[in-house]
Each structure stands twice: as C-alpha cells, then as structure tokens.
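Chemist: End of the sequence shown sits at 619 in the numbering used here; the numbers just go up one at a time, nothing left out.
We treat Cβ as the ideally placed atom computed from N, Cα and C, and that holds for glycine.
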Amino acid sequence: MIYDVIVVGGGHNGLISAAYLAKAGKSVLLLEGKDHLGGASISTRTFPEHDVRLSSYSYLISLLPDKIIKDLGIKFTTKSRQISSYTPDFRDNNDCGLLIERNVGKLSQDSFSELTGSDHDFLAWKKFYSEVESIAKVIAPTLLEPLPSTKKLKSELGNDRLWHEICEQPIGQVVRERFLDDLVRGVVLTDALIGTFTSVDDLQANICFLYHLIGNGSGEWKVPVGGMGAFAEEVERVAISAGVQIMKNTKIAKVLPDAKGVELQSSTGVNYAGRDLIWAASPTALASALGNQKPNLRDGSQIKINMLLKRLPELKSGVDPKLAFGGTFHINERLSDLENAFDVANQNLLPEVIPAEVYCHSITDPSIVGKSGLHTLTLFALHTPAALFEKDRVANTNLVTQRILSGFNQYLAEPIETVLAENSDGSKCIEVKNPLDLEDEISLPRGNIFHADLTMPFATDESMIGEWGAQSGTPHIYLGGAGGQRGGGVSGIPAHNAAMALLSKS
Numbered sequence: 114m115i116y117d118v119i120v121v122g123g124g125h126n127g128l129i130s131a132a133y134l135a136k137a138g139k140s141v142l143l144l145e146g147k148d149h150l151g152g153a154s155i156s157t158r159t160f161p162e163h164d165v166r167l168s169s170y171s172y173l174i175s176l177l178p179d180k181i182i183k184d185l186g187i188k189f190t191t192k193s194r195q196i197s198s199y200t201p202d203f204r205d206n207n208d209c210g211l212l213i214e215r216n217v218g219k220l221s222q223d224s225f226s227e228l229t230g231s232d233h234d235f236l237a238w239k240k241f242y243s244e245v246e247s248i249a250k251v252i253a254p255t256l257l258e259p260l261p262s263t264k265k266l267k268s269e270l271g272n273d274r275l276w277h278e279i280c281e282q283p284i285g286q287v288v289r290e291r292f293l294d295d296l297v298r299g300v301v302l303t304d305a306l307i308g309t310f311t312s313v314d315d316l317q318a319n320i321c322f323l324y325h326l327i328g329n330g331s332g333e334w335k336v337p338v339g340g341m342g343a344f345a346e347e348v349e350r351v352a353i354s355a356g357v358q359i360m361k362n363t364k365i366a367k368v369l370p371d372a373k374g375v376e377l378q379s380s381t382g383v384n385y386a387g388r389d390l391i392w393a394a395s396p397t398a399l400a401s402a403l404g405n406q407k408p409n410l411r412d413g414s415q416i417k418i419n420m421l422l423k424r425l426p427e428l429k430s431g432v433d434p435k436l437a438f439g440g441t442f443h444i445n446e447r448l449s450d451l452e453n454a455f456d457v458a459n460q461n462l463l464p465e466v467i468p469a470e471v472y473c474h475s476i477t478d479p480s481i482v483g484k485s486g487l488h489t490l491t492l493f494a495l496h497t498p499a500a501l502f503e504k505d506r507v508a509n510t511n512l513v514t515q516r517i518l519s520g521f522n523q524y525l526a527e528p529i530e531t532v533l534a535e536n537s538d539g540s541k542c543i544e545v546k547n548p549l550d551l552e553d554e555i556s557l558p559r560g561n562i563f564h565a566d567l568t569m570p571f572a573t574d575e576s577m578i579g580e581w582g583a584q585s586g587t588p589h590i591y592l593g594g595a596g597g598q599r600g601g602g603v604s605g606i607p608a609h610n611a612a613m614a615l616l617s618k619s
C-alpha cells in the first residue's frame, strides 16, 4: 500500500502532525521505533514501588498554542504556578533569597528591596518583562503561519530599540545594562540557557530566551495536569480517532526519495511507501537515513535528576518550602555562576559550581502523587555538555551529581538526601540522566533537547519569507519535529507547520 503520508516519530509532534493530516482526509501511517509513543513527553513510575508518575523528560508547557488544542479537540489542562521563582542566596553573613510571584506584587517588591537594598531591580524587572511581553504578543500569533519577515514584525512592534535589544544585541549585554544585581541578572538569563550550551553574550542565547518568553503571547510556563504523559496519551487518542494507523517497534534505517514520493526501509528490512514524509525525529537521524552528512549542532548540556521526597526540605533562609518550591527554585544561577560554569565546561572540564534549577510539580498538581503524601522534585542542571561524559561516563555522572546536590544543600537546613523517599532495599529514590543517557533513551542527538540549534521564529533572510519552515532540502520530505524551524519544547508548532506545508502543496 502507498500511503498519502508517512510520519516517522511518535512523540507529541509526530502525533499532532499525523492527526492534522488524517483530519484533512489523508491516509497516514505513523512509525515509531520504540514500544510506546510520546517521545520525551511521557510519564513513568520511575520508582516502581511508589505509585507516583513523574514526567520523565519534558516537564513544563508554555509554547503549545491554544489553537492546536482547539483544532484537534485535545482534552488536556495545565495549571498555573502562583510563584514564578525563588532564588536562595547568602550575603552579608545572612541566608536570604529572592521570591518572585507570577503576578509580581508587594511580596516580590519587598523581596527585591530586602535582597538588593533598593527598588531599582524590581522596577527594572517590571519594565523589562512588560516590554518582552509586547514582543511575545507580536510573534506568538505568527508561529502557526508562514514565516513573517523581520520588517513586518518590527513594524507591528513599533519599538526598534526593544527589537534590537532582544533579537540583535547579545542578551547578556542587555541584562547587564538593565539590572544591577548579579543574582537578579542570573535569574533573568537562565531562560537564555535552558538546553543551550553557550555564553549569554552569544546570540544563540537570545534565541533560546525568546522561545522561553513568547508562548501564547505571555511566556507563562504551566504544569501539565496528570503529568506530561497525560498530554501524550491524549494526543495519541486524538490521532487514532482521526484515523492514523500506528506501528511501533519500527526503526527506520533508510529513506529513499524519488520523483513520485518516498520509500522507507526498516531496520528489519520491511519497506513502506508514501507520497510524502513528515520526519518528526531529529534532523541528525534523517541525514543518517538519507546517507547524508550529519548536521553540526551543539552538545546537549544538561543533567536531569528526578527525585521523590518524603517531604519538602526546610531552608536556611526560613522561607516556607511550599513558596520556595512552588515555582522555579534557582541554585547557583547568578550571572557570574552561569558564565564561570560555561567557561570551564567549554574547556572540557567539569565545573565545580554547577548552576541548576528545581521544580516541584506535586505542589501545583497533587494528582501525580495520589494519596502517597510524597512530593516530586525535578532538577535541571546547566553547562554539563555531552563531551564531559564520553570518558569515565559513570564516574563523571556521579561526580557531577555530587557537585549539584552539594550546591543544593548549601541553601537547605537539612541535606536533600535525608528527605528522599526510599525503596524497600533502602536505596534512595533519585534518578540521574546525563546528555548521553538522553541520546540512548530517547534519541536526542548528543542529548540536545531541541534536536538541533534553535533558530529565530521568523524569516532571517528574504528567501525564507512565506515558507512554513518545514523544508528539508529533499522533495517530499518535511521536517515536523523539534529540529524544524520554530521547533523545540513541547509545542506541536513544527508539527502543525509541516502538515500545513504539505497540505498547501496538495
């Protein structure tokens, strides 16, 4: 049988693209290499003795457009976190910290003032994020449209200075000019470095920053109710109900395009034929299947630690743990910490101080822990590139874990190890994944969570204007995964755009 469309990759992007095409009347076959769907958007009982489902890889949602939810009839909800972030610190011989509400008010203002000694950075914060939101409201509506020109977006924004700051001037320089405090600067700039191994003075950081702040025009990051797996399961239901045929345990070894379409050969020698192909796996995997040279990309540079806690730890600063862990808990993410860690790791050395951040989803969504009374903690550490784990992988992973937890513990009144839940054999409920683990487990090339380096979410030269950003360079093949233009994160945006590119051709 020759299908109208074959989709390779059963993560959320592949499922969304397949659902759009099936609803448009196309015959669609989706091929997934693993025995389950969802890709990085899954939940598991990471610690089987405890009835708790952790979001194993991806963990928060911001970029998923409301339009995709409505178009496909996806029944899925997210919850807002009332606290944006808490960042502990030790200064002037005092344990303290910066608490920022999602909707900044007096609590945030007082915290800024107590930490920094003035209202300067609080007022700068409000002004900066108000301006960033104005950019988000211009760019977000275009993410499900053909690529707009820079000229068009700048005209709609009506603020050339702001456009230059966010899209053309290194974001590190901008933040240094806007904010005075090293810790405040770092809190702002972490959004420029998640999954991106670079200096804050590299424009790649601007791109990462932009994606973290434009979701649905607000940039708010929400907790998926029921865990990330609940979203993947719902998108699977939608795809199947639309008529998508799904085959698991089918790894594609070769892609053979011709003038009429595309033939795919599995690793077991089975052939599949389609008029068009949506590739929702990584561009690296596509290049390999085509027999082409693999694209250059930055190393994935994160350590992901999943933990299960008997209770939340107390903090040296005395802040209520439910407030401290109710949003993003920043660990050693001052601007100086971020740049020092990058400089060291860029010399292929393990940083002594490793910036990281922690999320406690069970505060916002208790359903994931049921009646256990436990709490989940997800830790995401920066500037730990894949190259650091190519030799002595286990030893270096253990050393990095030790340094990360040590950095965490310096702000806790009790070591995090003492509040970890335990298994019946006495082992602690903690799971650590380095970038190479992510490559092995969910095929992220070099552990890069974006499949490739992120690109600006608009046309950066005239030849791109009006394109959907799904072109692969090979006829009949469209990029529908995170490695497509405007990909990255749990968004479905490249999936939608690949489907629209294919349908517009038809």
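May I have the straight-line CA-CA distance separating V507 from A394, to the nearest angstrom?
Modeler: 27 Å
Chemist: Quick one: what does DSSP say T363 is sitting in, helix, strand or coil?
Modeler: coil
Chemist: Beta-carbon separation of P468 and N453 under 7 Å?
Modeler: no
Chemist: Along the chain, which unbroken stretches of the beta strand (DSSP E) at least 3 residues long are found entirely within the segment 409-470?
Modeler: 416-422 and 441-444
Chemist: Assign H609 to one of three DSSP states: helix, strand, or coil.
Modeler: helix
Chemist: Can the beta-carbon of A534 be found less than 7 Å from the beta-carbon of K423?
Modeler: yes
Chemist: Take K180 as the anchor and find which of G387, K618, G582 and G605 has the nearest alpha-carbon.
Modeler: G605
Chemist: Looking at C-alpha atoms only, which residue of S576, L567 and P588 is the closest neighbour of I305?
Modeler: At residue 305 the sequence reads Ala, which differs from the Ile that was named. When each option's Cα is compared against that of A305, the closest is L567.
Chemist: How big is the Cα-Cα spacing for D315 and P283?
Modeler: Spanning the two alpha carbons is a distance of roughly 6 Å.
Chemist: Using three-state DSSP, classify E580 as helix, strand or coil.
Modeler: DSSP, read as helix, strand or coil, puts E580 in coil.
Chemist: Pair every Cβ in the segment 198-215 with every Cβ in the segment 367-387, then say whether three or more of these pairs are closer than 8 Å.
Modeler: Judged by pairs of C-beta atoms under 8 Å, the segment 198-215 does not touch the segment 367-387, as fewer than three such pairs exist.
Chemist: I need the boundaries of the alpha helix (DSSP H) containing S226, first residue and last residue.
Modeler: K219 to T229
Chemist: Taking the alpha-carbon positions, what's the A612 to M569 distance?
Modeler: Straight-line Cα distance between these residues: approximately 20 Å.
Chemist: Considering only the alpha carbon of each residue, which of S312, S231 and L436 lies closest to P201?
Modeler: L436
Chemist: When DSSP labels each residue in this structure, what does P570 get in the three-state scheme?
Modeler: coil
Chemist: What three-state label does DSSP hand V603 in the structure shown?
Modeler: coil
Chemist: Count the CB pairs spanning the segment 229-249 and the segment 290-300 that are closer than 8 Å, and state whether there are at least three.
Modeler: yes
Chemist: With C-beta atoms as the reference, is A153 less than 7 Å away from I555?
Modeler: yes
Chemist: Helix, strand or coil: how does DSSP classify Q378 here?
Modeler: strand
Chemist: Measuring alpha carbon to alpha carbon, tell me which of Q598, L448 and G340 ends up nearest V482.
Modeler: G340
Chemist: Going by the beta-carbon positions, is the gap between G87 and L451 smaller than 7 Å?
Modeler: Since the first residue shown for the chain is 114 and the last is 619, residue 87 is missing from the structure and cannot be characterised.
Chemist: Are the Cβ atoms of S175 and G308 separated by less than 7 Å?
Modeler: no
Chemist: Determine the burial state of D148: buried for a count of at least 16 other Cβ atoms within 10 Å of its Cβ, exposed for fewer.
Modeler: exposed
Chemist: Measuring only the C-alpha atoms, how far is E470 from G520?
Modeler: 11 Å
Chemist: Please state the DSSP three-state secondary structure of V532.
Modeler: helix
Chemist: Under the assumption that I391 contacts L377 (Cβ atoms under 8 Å), give the Cβ distance between them as a whole number of angstroms.
Modeler: About 12 Å; that fails the 8 Å criterion.
Chemist: Is the CB-CB distance between E281 and V287 below 7 Å?
Modeler: Taking 7 Å as the Cβ cut-off, E281 and V287 do not qualify as a contacting pair.
Chemist: Nearest-angstrom Cα distance between A400 and A595?
Modeler: 15 Å
Chemist: From Q358 to K407, what distance separates their C-alpha atoms?
Modeler: So the alpha carbons of these two residues sit roughly 30 Å apart.
Chemist: On the premise that G387 lies in contact with L142, defined as a C-beta separation below 8 Å, what is that separation, rounded to the nearest angstrom?
Modeler: 7 Å
Chemist: Specify the secondary structure class of K373 as computed by DSSP and reduced to three states.
Modeler: coil
Chemist: What is the DSSP secondary structure of R559, reduced to helix, strand or coil?
Modeler: helix
Chemist: From the DSSP secondary-structure annotation, give me the bridge partner or partners of C542.
Modeler: Within the DSSP secondary-structure output, C542 pairs in no beta bridge.
Chemist: Suppose you measure from the CA of C209 to the CA of G601; what does that come to, to the nearest Å?
Modeler: 35 Å
Chemist: Using 8 Å as the threshold, is the segment 581-589 in touch with the segment 426-433, meaning 3 or more CB pairs across them?
Modeler: no
Chemist: Rank L177, S169 and A352 by C-alpha distance to the C-alpha of G123 and give the top, closest one.
Modeler: If we check each option's Cα against that of G123, A352 comes out closest.
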